[in-house]
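What follows is a set of notes on a single structure, which appears directly below.
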């Protein structure tokens, strides 16, 4: 009789305390998952069984991401970098309180005492906002990067860290840098880049960006892009020579030549008309 009672008691405890394995993801709706945001949590799907955990103080684990750039700068082996970077990442695990009755297999039976702030509540692990459950290990939460981290690793929500020998370009992409190669240039033995025409080294010297460079100096202007000149005030672009700017005389120079902004030089046999103050008109010498 004692053995029979023990078996019955054991069966009841298994039904009531069937554990939920793994961390619940914030994404849904998926049967058996927990839909959560920063303020509340809702269990989705059929009852699974009580989350058998011991009472303890649980807090969000949004740890600050440590200096990942130092990790890849000081590590040449990609596998070592990958492992160390994963260890430095935030776990992305938060905790929420839910009614214990929603976790048991038979909500009409005996409800175990929860480990929450009151006996009717239980604390369960969930993935924090910006994280999702690892498909291979339900005890892990991975950060979400909506854009693929090509040549890098998603280390925090929306944040990629580049592999060793890669750097972030102006578009936020991970591109090869010395000694693998130079974007828009050639790598030199000292691990700096010799940039192609139209490009200049970035501040680190590891890749090349579009720069201000004119192969021919700008006459009466200044260089504002690759072989692009902008004229000084009082000058206009030459119709056929992009590196030259011509002086502009708004009223023209009859019987003369425009030699500067609104300044005419008269042809031989002509002089400036002094009867009009400031006039650049040229009249025949009498």
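Numbering (the UniProt record's numbering), first residue to last: 1 to 286.
Think of the CB as a built atom: it goes at the ideal place given N, C-alpha and C, for glycine as much as any other residue.
Keep in mind that this is a model prediction, so the values were computed, not measured.
Inset, instruction - Starting from residue 221, follow its DSSP beta bridges and name the residues at the other end. - result: Looking up residue 221 in the chain shown gives position 221. Residue 221 pairs with 231.
Legend entry - residue 114, buried or exposed, once every other Cβ within 10 Å from all chains shown has been counted against 16: Numbered from 1 along the chain shown, position 114 holds the residue referred to as residue 114. Buried.
Inset, instruction - May I have a chain-ordered list of the beta strand (DSSP E) segments no shorter than 3 residues that lie completely inside the UniProt domain "EGF-like" (248-283)? - result: 256-260, 263-266, 270-272
Inset, instruction - Go to residue 159, then tell me how far its beta strand (DSSP E) extends in each direction, as first and last residue. - result: In the chain shown, the residue the question calls residue 159 occupies position 159. Here the beta strand (DSSP E) through residue 159 covers 159-162.
Inset, instruction - Could you please give me the residues that DSSP links to residue 182 through a beta bridge? - result: Working through the chain shown from its first residue, we reach residue 182 at position 182. Looking at the DSSP assignment, residue 182 forms a beta bridge with 185.
Legend entry - Per-residue DSSP class, three states only, for residue 25: On the chain shown, residue 25 is found 25 positions in, with the first residue counted as 1. Note that residue 25 has pLDDT 42, beneath the 50 cutoff, so the model's placement of it is unreliable and the number below is only indicative. Note: residue 25 maps to coil in three-state DSSP.
Inset, instruction - Specify whether the stretch 191-208 and the stretch 228-244 touch according to this definition: at least 3 beta carbon pairs, one from each stretch, less than 8 angstroms apart. - result: no
Inset, instruction - Determine the direct distance from the alpha carbon of residue 262 to that of residue 279, and round the result to whole angstroms. - result: For the purposes of this step, residue 279 is taken as the residue at position 279 of the chain shown. For the purposes of this step, residue 262 is taken as the residue at position 262 of the chain shown. Cα to Cα, the separation comes out at about 10 angstroms.
Legend entry - Presumed contact (8 angstroms Cβ cut-off) between residue 208 and residue 182, rounded CB distance: In the chain shown, the residue the question calls residue 208 occupies position 208. In the chain shown, the residue the question calls residue 182 occupies position 182. Sure, about 6 angstroms apart at Cβ, within 8 angstroms.
Legend entry - Identity of the residues DSSP links to residue 175 by a beta bridge: Numbered from its first residue, the chain shown carries residue 175 at position 175. Residue 175 is bridged to 167.
Inset, instruction - Note the first and the last residue of the continuous beta strand (DSSP E) segment covering residue 125. - result: Here residue 125 is taken as the residue at index 125 of the chain shown, counted from 1. Membership of residue 125 in the beta strand (DSSP E) is indicated by the continuous run 121-127.
Inset, instruction - Would you mind sorting residue 252 into buried or exposed? The rule is 16 or more other CB atoms within 10 Å of its CB. - result: Residue mapping note: residue 252 aligns to position 252 of the chain shown, counting from 1. Counting Cβ neighbours within 10 Å, residue 252 comes out exposed, since fewer than 16 surround it.
Legend entry - Bounding residues of the beta strand (DSSP E) (the contiguous stretch that carries residue 212): Numbered from its first residue, the chain shown carries residue 212 at position 212. Run containing residue 212: none; DSSP gives neither H nor E here.
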